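As structure tokens, the structure follows; a few thoughts come after it.
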């Protein structure tokens, strides 16, 4: 397996304010310097990275510049993360327009994968039909990704309509998109990450690794929280998945490079143990 690190920690995740009134322009974005993130990620020993769609947008007319920054750092851009509400019919065309644009940009800079989150929770409560709407939209996302030579996967996430194991079970049989288990989000949603990976081994197309603390709640570098990461890695290996593991840390109080190094040192030792 090859190991990459998400650029989210250099500034945390934000959204573009224009998206409040113009859905087609609502991107995920990290506020920090991508060039600094690439250099720090590479210095920590990772071979690849993942970016948000909004951090690709500034390079839309100059993709060679981004490719040069990645090459200088010695990194591959493995994946691009995007997402949408997906359950509101009237705005779905604009959301898919934005996702198509993300796929175009991802392909232009050599990414392999499109990682998608979303599925809005309504103020009035989730409707049974919301899972059908989400599933149908994710099939369209899969088509868009494939048109651009990308592999698409769905990332369950807190505050969306797919947090818990039961919610994941309502979605996956209805759509053909791949599954991106995020270890900490699955645990925070009430699931056992290793068990869920073992339940859906043939659906895994991408993996996010992070650790967490439950009380007080917080995301942590690998090995510093409550997750049974050795069992999680064994479950991934048992599934037959033998590709990129992307370490992700949504936020960190200290130096993001330090967090990347902590996780890399832990994961190196873990992969050595589990490969024996």
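In my numbering, the protein residues as written are 2 to 277. C-beta atoms are modelled at their ideal positions from N, C-alpha and C, and glycine is treated no differently. It should be emphasised that the depicted structure is a prediction, and the values quoted were computed from it without experimental measurement.
Own chain, CB closer than 6 Å to residue i, minus 5 neighbours either side, in chain order
i	result
residue 205	180, 240 and 242
residue 183	156 and 209
residue 192	166
Neighbourhood of residue i by C-beta, 7 Å cutoff - its chain only, sequence neighbours within 5 removed
i	result
residue 160	122
residue 68	110 and 111
residue 188	194, 213 and 228
residue 186	157, 158 and 159
residue 36	70
Length of the line joining the Cα atoms of residue i and residue j
i	j	result
residue 75	residue 42	10 Å
residue 154	residue 178	6 Å
residue 231	residue 258	23 Å
residue 94	residue 138	10 Å
residue 247	residue 129	32 Å
residue 174	residue 131	14 Å
residue 20	residue 26	5 Å
residue 264	residue 99	33 Å
residue 64	residue 102	13 Å
DSSP three-state assignment for residue i, whether helix, strand or coil
i	result
residue 134	helix
residue 7	strand
residue 87	coil
residue 41	helix
residue 50	strand
Cβ separation of residue i and residue j, assumed to be a contact under 8 Å, to the nearest whole Å
i	j	result
residue 47	residue 5	5 Å
residue 166	residue 135	That belief does not hold up - the Cβ atoms of residue 166 and residue 135 are roughly 16 Å apart, past 8 Å.
residue 92	residue 24	5 Å
Terminal residues of the beta strand (DSSP E) in which residue i lies
i	result
residue 279	This structure leaves residue 279 out entirely; the chain is present only between 2 and 277.
residue 154	152 to 155
residue 115	114 to 119
Range of the contiguous alpha helix (DSSP H) that encloses residue i
i	result
residue 219	Here residue 219 belongs to no alpha helix (DSSP H); instead the beta strand (DSSP E) covers 218 to 221.
residue 275	257 to 275
Chain-order list of residues whose beta-carbon lies under 8 Å from that of residue i (same chain, five-residue window excluded)
i	result
residue 251	9, 10, 13, 14, 211 and 220
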